[in-house]
Every structure is written in C-alpha cells, then in structure tokens.
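Participant:
Protein chains: 2
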Amino acid sequence: MKKIAIGQAGGPTTVINATLAGFVKEMTPDFSLFFIQNGYQGLVRGDLLEGNEENINWVLEHQNVPGACLGSGRYPFTDEKLEKAVQNLRQNSIEVLVFIGGNGTMEALNKVEKAAKDQGYDLQVIGLPKTVDNDLGCTDHAPGFGSSARYVAQATRDISRDLHAMRNFEQVRILETMGRNAGWLAAASGLLKTFEEEGPQFIGLPERPMKQLDLLSTVEDAIRKYGCATVVISEGVKWSEGVQIQREEVNGRAVLGGISGEVELFLKKELNIMARSELLGINQRSSSQSVSNLDRYESFLTGITGGKWIKEGWSGIMVSMQRDDDIRYNVDMKPVQLEDVVKAGERLMPAHFIDNRDRYYEWLLPLVGDELPTYPPMIQRRDLYVNQQN
Amino acid sequence: MKKIAIGQAGGPTTVINATLAGFVKEMTPDFSLFFIQNGYQGLVRGDLLEGNEENINWVLEHQNVPGACLGSGRYPFTDEKLEKAVQNLRQNSIEVLVFIGGNGTMEALNKVEKAAKDQGYDLQVIGLPKTVDNDLGCTDHAPGFGSSARYVAQATRDISRDLHAMRNFEQVRILETMGRNAGWLAAASGLLKTFEEEGPQFIGLPERPMKQLDLLSTVEDAIRKYGCATVVISEGVKWSEGVQIQREEVNGRAVLGGISGEVELFLKKELNIMARSELLGINQRSSSQSVSNLDRYESFLTGITGGKWIKEGWSGIMVSMQRDDDIRYNVDMKPVQLEDVVKAGERLMPAHFIDNRDRYYEWLLPLVGDELPTYPPMIQRRDLYVNQQN
C-alpha cells in the first residue's frame, strides 16, 4: 500500500480538521496513512503516527472540532531542517506528502519536493489550502476564511448594538481583527451593516495607510449624529504619519497587536471621549459558534479533492477554488502549481474591493454561510420623544 | 388607561430586549406605555417616548437582538437627580415605573419608590432582573447569565483546542472574563471540560485571592504533561500577595481589566515561556451566536410575569427565579422585595460551589441551554508514534 504522510501547519482554523477528515475518508482503506504531529516540527523530528483503525477514527471525530488535532504550530524551516525532513520521509518510505496550511506551508512543501527530486527520491507532494485572513494566492478564497469572516461580521454588529445602548458611558469602541498584511477580515466587519448608525463607521485596512484626520473626522461625525462610533482595525494597519507598532518578537516573528490600543489613546486625547479597544482575538479562528456551513463543506471537499488528485498522480500542486458565479454562487476545485502560489506571495485585498465595498460584500456574502437574521434600525424617530432637550 | 414607564439600565445583555418584548406584549393594548431612553439618565432628563403602534412594533422586533434597544448605560443617581426623576414621572402622570437591570437598578428603583411615597405620589414600582455575571441577590439566577456562561464555556473550550495545536509556539493563554466581584462567569469556563488536557487548567475567582505559587505550579504541571495551559481569570481577581490592578476610572467607576496582562508578564518571567493574555470582551454580553435558548425564554417570561404582577397591583418588588429542581430543571417566578435585593448586595459564588466545581456545573448546565456537541480527547496515545524522541 502506498504510504502517505499528512500534517497540519500554521495557525488553526475552525475547519482545518474538516479538510483532514475529508482527506482521510477519501484515502482509507486503500492507502497507508501516517499522521505528522505538530506540523513541520514533527516532520523534522520524525514524529509520525502510523494510521490504524483507532487513530483514524479519532481523526474523523474531529471533523467539526476547532483547532488542528494533529498539532500544528509555527516553525522556522531552515535548509538543515529541510534535509532532515526529507531524510525522515525517505526512511519511512513515504511516497506522498500532504500538508494543510497557508503561504508558509506551500513554500515549505515546494522546497521539500525540490530537495527530494535533487536526491532522486520520487516524492509526490500536494498542498491543501487553509487561511483565516484570506491572504493565500492563486485561489478565490481558502477554507477557514468564510467562518472567520462570519465571526467578525456578527461580532462587530452585536458589539455595535451594545455600544449604542452604552453611549452615555462610552462613545467609541475599537475592534482589532487578524490580518497582518491583508484586510479581508477587517473589511468583513461591515458585511451586516444595514443602517448608517450601525457599526462599523470606520474600517482600517493594512493595504492603505490610515490617516489620522480621516479617522478623527469620521469618528467625530458619527458621535455627533449617533452618539457613538465603532472602529474596526486590522492588526497590521499603519498610520500614514508614523510607523507600525510591534509588541514583541517570538521566534523571529513579530507579534502584532497594539494598534487598537494606540488608536484608543489617540481618540481619547483628541476628542476627550471614552473609548475602549478590544482584540477580537483567537475566537476569530476558533469559535465553533460561528462556523460557516459553506466553509465547512468546502473544507471537507478540499480534503476529498486532494485525495482524488493523489490517486490521479498529480504532484507539486495546491487545491484551489476558482469562482465562477453565474446566477448563483459556484466554485470549481482546480490544481494550481505550488510554485505559482509561492510567487503570488501574500494576497492583499484588491483595489476594486477596497474602493467599492458593496462589490466586496457581494463577493463575500455566500462565503459566510447560512443567512444571519436581520436586525431592525437602532434609532427611533426622535421627534416622538416627549422631551427633546437632548 | 394606566400609564407605565419602562426603561433598561446597566450593561446590556443578549436577552435584555427579550424581557422588554415580553413585558410589552403582556401590557398592550390595555396600558399606555412610555419608553425611557438611556436608563436613569433619560428618566432624569425626561426623555420619555410615548408608545404607539410604530414604536411598539419597533421594540418587539428587537426581541432576539443583543444590546438594549431603548438605550441603557451607567449613570450616577444622586439625591438631586432622584428628585428630578420623581418630578418627571409625576408631570407625565406615570402610575407605574418598571426598570430592567441589576443591583444598581434595583437600588435606584427602591429609592424612587420611597421618594414618591414621601411626596404622597402613589407610584407602583417593579424591577425586572438582568445580569451577565449573576451577582444579583434573592434569585437563583437572572436573565442574561445563562447566555454569557454559554459563551465563556464554549470560547474557552475552543481556544484551548487552538492552543493545544499551537503549543510549540505558545504555551499559555490567559483569558479574562467579566465578573467584578463574583466568579460565576469565570468558573463557567470549565463547564465543557471533559479531559484533563483540555482547558481551563486554572481558574481565578474574585472570591478567593490568587496565590502566585498555586498558579505557577498548576501551569508548570500542565505544560509538563500536555505542553500547554489555559488559564481563566475573572477581571476582579486579586493576588493574595498584592493589590488589585485598576486601569482607570470613568464617572467614578473603576474600569477593571489588566489582571490577565499582569498574569501574562508574571508567567513569562517565571517560566520563560510564551504566554498570551486576552479579554473575552464585550462578546460575553453581546454575542448573538451563543444565546442560551432557555435564557432567552426565561428573559421573555420575566417580562410577561412583571406585567401580570403589575395588573395584580404588586409594588416594591423584583421578579425572581426560585429553583426547585426535582427530576429535572424547574424554576418558579416569585416576587421578592426590592429592599431585600438591595440588602443582599452583590451575590458572590458560594463556597459549596467554589469548593465543589462538579456541583456548580450540575447547577449551571441547564442554564446554558441546548446541549453543546462533545469533543473527542485532545491527545492520542503517544506510544503509537513511530519516533518517540519528543
């Protein structure tokens, strides 16, 4: 039986286990599976778990569970470690290597394939896409993003309702989303906005430097009109007037976060109002309560598709989703070269979406899954109040 | 027609509008309703909205919407303002005053009733309970808590799954919950914990000072055994070795938050590991995705019940829920004196729940509503790994 090693890498999502489950269902019982623990670190250390009935069932039970059940993580993949990884695969006679991950993972897979080929070791390599911030190239979107976007959209709408009720106590909330270089998630915060009094009133994207005056005037205007303002900012946003804030570095990777705190201080000082900043946090990629049913289905299908393509002999590719909406939402799974994914780099939000938010939301709406309930307007006609002194 | 004024006060919840909707449904069309805007501030300023078909429908449309649709907020209720409030009610010939709120609200209602009586103004007063942190006395629990507890429980479980996948990158997450003096919400974080490797491994409650050595040894032990630890801390927790952290004051009210950041720094320093702290944030009281169906039903019923009791002529009372489980969950709505609620003060978690967590979870489980799916264990048998060097 052909031996296949599969691992998960990078930050988990709510649906990365669905991709794994889809793949495992497609490949059993005709292939011999090896589960790689803790992503590339496990590959380098040779932490392979041989598939058997017990652990295959254990993996399948995780289909709807957040996190990455094999262990994932971040790991700097040096040339020396690459050698060791290939050596481990060869020693265990692995014929196919599959990883579920994002940009870094596709780059590493590409390297592993090349290194194997240089040694005359015939290793078939396939990447299965995963993202929360939608920064993966050569695909319309990738599994994980729809659920995170759903979370951000509903949390922003709910928090903005709460803020409106509390506007005599606090006037501004600043919500910080994930999205190091790409603003897809931050921009998703406005998906459910139906009324102008509803948040977000301002969205800061990493693709465009944030102008202090724009922020100030938008927030001031919203406070004047509605008594409060909800601001959403991507973790990677930069002031046009200054430099990006970095909190600290871990394993050479800057841990962002802090821009929302800076905006809080700035708005408090400039407007003399009460503002509170909050990270939307790990929930964005882990909340089982906000999973998009379409996203979960596509994640599962991505795993199935990768499995089918292995049977067909493909290598050096990633499963991608190509969008071809006609009257309604339609995607096709298509293979794209790992090399092209690597070359594409981090995929930013295109200008036609940044400058035309409605067009973006039209594209986004099907991805967030089941329709979310509509809310009534936040503001009642003021002329009905008995006393109009305020 | 008897004139009734109703308002919402304090921090909103996901279900406070359901209580309002229940009340309004019970009272229309036989009573003349006045909606008070922005809680006690609106009462003092005389911001009363006279109910009509349009705005009554608008209120009812908010039944399942988070936030407080009439406007709520925090407001220091001085003696001078109390006078003005009574004067406004009297000028508008209000015969019944109803507020949905927590401890502060019940205290204010009690004062308004007394002040009216002193003036010979016959004002009927009823309080409808609302809380997220369950610190309201004379009731088994109050509307809002079940949904918040559900949120905290599921978010903690999901975040702990995510952490376990990321343990080669970060080892500790510290989640800060609401709960200024009462630990009900923080303790709810362990409700869904099924396996010892699953978080939370440590819960800090404001009722018991937190010992640095307890925290350290629990976290160290979990990292040694499972590679990571999830810590949940209530915003009001105090170190037994030091003093409570206060970030700032707004309108004389300390804005807590910051203890989780302090725990992060402490654990990083002592254990030389990567730790990350996060507030579970406003989502705890606003997330429409985590509403407990029982909580929403009881909230609605609280409003209905308050309305019925007004018709029966009760005054100076709050609607309470008295628990009387036999074979299954059972509560009865009963009137309790506002005076007794005020005397009871902030209701802390009792020792028999703090010291016997299982007993607490048995009490809590029905309140969080529909059963949440079970997850499989996080850890596979290590002896199955091909390579056991790690």
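Chains as they are written, first to last, in numbering that gives the first Met the number 0: chain A, 0 to 389; chain B, 0 to 389.
Yeah, the Cβ is synthetic: ideal placement off N, Cα and C, and Gly gets one too.
Just so it is clear, the structure is predicted and the values come from calculations on it, not from any experiment.
1) From this set, B:Glu82, B:Arg73, B:Gly21, B:Lys1, which residue's C-alpha is nearest proline 142 (chain B)'s C-alpha?
2) Determine the chain B residues that contact aspartate 37 (chain A) at a beta-carbon separation under 7 Å, and present them in chain order.
3) Going by the beta-carbon positions, is the gap between methionine 209 (chain A) and tryptophan 183 (chain A) smaller than 8 Å?
4) Between asparagine 16 (chain A) and glutamate 175 (chain A), what straight-line distance do the alpha-carbon atoms span, to the nearest angstrom?
5) Just to confirm, is the Cβ distance from glycine 302 (chain A) to glutamate 52 (chain A) under 8 Å?
6) Is DSSP giving serine 286 (chain A) helix, strand or coil here?
7) What does a CB cutoff of less than 6 Å around alanine 115 (chain B) pick up in its chain, not counting 5 residues either side in sequence?
8) Taking only runs of the beta strand (DSSP E) that begin and end inside the region 168-224 of chain B, which ones reach a length of at least 3 residues, in chain order?
9) So, do the region 327-343 of chain B and the region 132-147 of chain B have three or more beta carbon pairs nearer to each other than 8 Å?
10) Using a cut-off of 7 Å between C-beta atoms, extract the partners of glycine 260 (chain A) located in chain B.
11) Looking at chain A, is there any beta carbon in it that lies within less than 8 Å of the beta carbon of aspartate 157 (chain B)?
12) Anything in chain A within Cβ reach of alanine 221 (chain B), meaning under 7 Å, just list it in chain order.
13) Put glutamate 94 (chain B) into one of helix, strand or coil per three-state DSSP.
14) What is the rounded straight-line gap between the Cα of arginine 327 (chain A) and the Cα of proline 372 (chain A)?
15) Leaving out five residues before and five after threonine 304 (chain B) in sequence, what residues of the same chain have Cβ atoms less than 7 Å from its Cβ?
16) What in chain B is Cβ-close to glutamine 379 (chain A), meaning under 7 Å?
17) Just to confirm the assignment, what range does the alpha helix (DSSP H) spanning serine 259 (chain B) have?
18) Which first and last residues belong to the alpha helix (DSSP H) in which glutamine 457 (chain B) is found?
19) Does DSSP classify glycine 251 (chain A) as helix, strand or coil?
20) Assuming contact is defined by CB atoms lying nearer than 8 Å, are aspartate 157 (chain A) and serine 285 (chain B) in contact in what I supplied?
21) Please report how far the alpha carbon of phenylalanine 34 (chain B) lies from the alpha carbon of isoleucine 5 (chain B), in whole angstroms.
22) Report buried or exposed for asparagine 271 (chain B), applying the criterion of at least 16 other Cβ atoms within 10 angstroms of its Cβ.
23) Within the region 323-389 of chain A, note down every full alpha helix (DSSP H) run reaching 4 residues or more, in order along the chain.
24) At what residue ranges does the region 87-144 of chain A contain a whole run of the beta strand (DSSP E), taking only runs of 3 or more?
25) Assuming alanine 185 (chain A) and isoleucine 173 (chain A) make a contact with CB atoms under 8 Å, what is their CB distance in whole Å?
26) Please say whether asparagine 37 (chain A) and glycine 70 (chain A) have beta carbons closer to each other than 8 Å?
27) Should leucine 212 (chain A) go down as buried or exposed, given a rule of 16 or more other Cβ atoms within 10 Å for buried?
28) Below 8 Å CB to CB, which residues in the same chain sit around glycine 256 (chain A) once its five sequence neighbours on both sides are set aside?
29) By alpha-carbon positions, which one of A:Val43, A:Met177, A:Arg346, A:Glu345 ends up nearest to leucine 281 (chain A)?
30) Give the interface partners of glutamate 60 (chain A) over in chain B, defined as CB-CB distance under 7 Å, in chain order.
31) Using 8 Å as the limit for Cβ to Cβ distance, is valine 95 (chain B) near chain A?
32) Please check if any C-beta of chain A sits within less than 8 Å of the C-beta of arginine 73 (chain B).
33) Is the Cβ-Cβ distance between lysine 110 (chain B) and leucine 81 (chain B) less than 8 Å?
34) Here's the rule I'm using: 16 or more other beta-carbon atoms within 10 Å means buried, otherwise exposed. How should glutamate 311 (chain A) be labelled?
35) Please list the partners that glycine 66 (chain B) has in chain A, where partner means a Cβ-to-Cβ separation under 7 Å.
36) Run down chain A in chain order and give the residues with a C-beta less than 7 Å from the C-beta of serine 298 (chain B).
Facilitator: Reading off the structure:
1) B:Gly21
2) Note on residue identity: the sequence assigns asparagine, not aspartate, to residue 37 (chain A). The contacting residues are Asn167.
3) no
4) 26 Å
5) no
6) coil
7) Val85, Leu122
8) 171-176, 201-203
9) yes
10) Per Cβ cutoff of 7 Å: no residues; glycine 260 (chain A) is ~11 Å from chain B at best.
11) yes
12) None at all; the shortest Cβ gap to chain A is about 16 Å.
13) coil
14) Going by C-alpha positions, arginine 327 (chain A) is about 20 Å away from proline 372 (chain A).
15) Val318, Met332
16) Leu48, Asn54, Trp57
17) First-last of the alpha helix (DSSP H) with serine 259 (chain B): 258-270.
18) Residue 457 (chain B) is absent from the model: chain B starts at 0 and stops at 389.
19) Its pLDDT being 45, under 50, glycine 251 (chain A) is placed unreliably by the model, and the measurement read from it follows with that caveat. In the three-state reduction of the DSSP assignment, glycine 251 (chain A) falls in the coil class, being assigned neither a helical nor a strand state.
20) yes
21) 5 Å
22) Per the 10 Å Cβ criterion, exposed.
23) 337-343, 350-353, 356-363
24) 95-100, 123-128
25) Not a contact, Cβ separation roughly 12 Å.
26) yes
27) exposed
28) Interpretation of glycine 256 (chain A) is limited by its pLDDT of 46, a score under 50 that renders its predicted location unreliable; the figure taken from the coordinates is listed afterwards. These residues qualify, in order along the chain: Glu175, Glu234, Arg246, Leu278.
29) Before going on, a small fix: residue 281 (chain A) reads as isoleucine here, not leucine. Of the listed residues, the one whose Cα sits closest to isoleucine 281 (chain A) is A:Met177.
30) Pro375
31) At a cut-off of 8 Å between C-beta atoms, valine 95 (chain B) does not count as an interface residue with respect to chain A.
32) yes
33) yes
34) That one is exposed.
35) Arg160, Asp161, His163, Ala164
36) Within chain A, no residue comes near serine 298 (chain B); the closest Cβ sits about 15 Å away, beyond 7 Å.
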